[in-house]
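Structure record follows, encoded as structure tokens.
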Amino acid sequence: MWKAKDLKKKLVERWFHVETPGLYTLGEGSQARAKCTGPAGSSASHNTRPSRICFGLQELSRIEAQWASLSNKLNTLVLPQPTRPIRGAMTLSLPSSSLAFLPFVALLLCGSTAGHVFVKNWKTTSYSDWQPGQKEWKLQNTAYRPAPDNIGWVGSNFLTANKAIVCGASHTPKGDIAPSGGKFFSDASESAGKTLKVRAGGKVILALQGDTGRGYPHHHGHILAYLGRCGDSPTACQSFDASTASYFKIQQKKDGVLQLRRQYSSEARADIWEVPIPSEIAAGSYIFRFEIITWGESVASEGFQDQYYPSCGQLYIESDHTGTLNNVPSIHFPWGYHNGNLHSTSPLPGPPLSSQYARRSLVRHRPKSKHEGSH
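The opening residue of the sequence shown carries number 1 in UniProt numbering; numbering runs sequentially from there.
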């Protein structure tokens, strides 16, 4: 027999499978292997005693309110263990008498990807050893600013004016429609104690993790990366309000999560993602702002919002160039994004890529001093 505390793991690993994007099924016997063609929340069988139900993740939100009053009952609930593994089945098969259990099973499933995503480690092509990421509890030991307490997200209803969109915040609501709050990681007081070096033209390499030992848990998402200048000094970002910087975009990948999820490293126990640093960029310290935008994962109690996962590291870029960013399109966070969900045909938020302007307006070559000779 399986106790409720073991159900979540067993259901996800052995029973529940995505049949079509965002659509799951429960069924009985051979019907359970048929395609789910009925609308979400309805029976796809024409039998008088329907034993197969199709439902989408949005439908599951209807039963969230039952959790508080029934959670104690779930702790003692047991189900019979299947006599043999279900191989290749696209559904969970249960006796019809067990369909009353659907709301509880669905609720457990809703929480199966609560881990979301954070930067576990990072490095650059100039510094090949992995460095601590967002979960390093001593800020003085890392060059990456912290992660939210629950590794949560900023909702698309709160993009324009909320400082959490800069680098994240300590409190990100779950199961609610509310702005993120608590500590804002853009604040100077939340600066990391170190700065990671990278050569212009090099790469930043991120190890992204959801639940322990797993990569990014969601199936879709856009990936963007920005740089915001702190100053000339190698330590300029180490006591810097990141909401005061002007950010220019150095990478954007529409639905880049499809590529990210194919790049899991068993050694790093995370998904690996690379962000090229423009070769023409001026020397100095920069906030490295990395962001994933996921859609279709928020439930009704959360307003079906797009989910934004911003995070910030601190870089010092070594370069032979100097210059200003006056002619390169840039934005400020907050106020750089508009509230609301993105449509499938929408352009990605933010300015155009800086590479479209860099060669003609971003930098100028740093002249050699009289003490420098040719090598």
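C-beta atoms are modelled at their ideal positions from N, C-alpha and C, and glycine is treated no differently.
The region 131-151 and the region 318-333 do not touch, with fewer than 3 CB-CB distances between them shorter than 8 Å. In the three-state reduction of the DSSP assignment, Q305 falls in the coil class, being assigned neither a helical nor a strand state. Rounded to whole angstroms, the separation of the alpha carbons of T160 and W335 is 5 Å. The beta strand (DSSP E) runs of length 3 or more contained entirely in the UniProt domain "Auxiliary Activity family 9 catalytic" (190-339) are, from start to end of the chain, 196-199, 203-209, 222-231, 247-253, 270-276, 284-294, 307-318. Looking at the backbone, the Cα of I317 and that of A192 are separated by about 17 Å. Between the C-alpha atoms of G296 and S266 there is a straight-line separation of about 28 Å. When DSSP reads this structure, N121 sits in a beta bridge with P132, A207.
From the listed residues V119, T322, T294, P146, the smallest Cα separation to D232 is found for T322. In this structure, C167 lies away from R199, with their beta-carbon atoms at least 8 Å apart.
Assigned with DSSP and collapsed to three states, S170 falls in strand. By the Cβ criterion, the region 257-266 is in contact with the region 215-225, since at least three pairs of Cβ atoms, one from each stretch, lie closer than 8 Å. Non-local C-beta neighbours of V275 in its own chain, meaning closer than 6 Å and more than five positions away in sequence, comprise V204, A225, Q251, ordered along the chain. Counting along the chain, F184 sits inside the beta strand (DSSP E) bounded by residues 181-184. The DSSP-derived three-state label of L353 is strand. The beta carbon of G303 lies closer than 8 Å to those of G155, N157, I177 in the same chain, with the five residues before and after it left out. Straight-line spacing of the CA atoms in L353 and T235 works out to 26 Å. Taking G256 as reference, the option from R229, H219, I287, I277 with the minimal CA-CA separation is H219.
Note that the C-beta distance between S311 and G201 is not below 8 Å.
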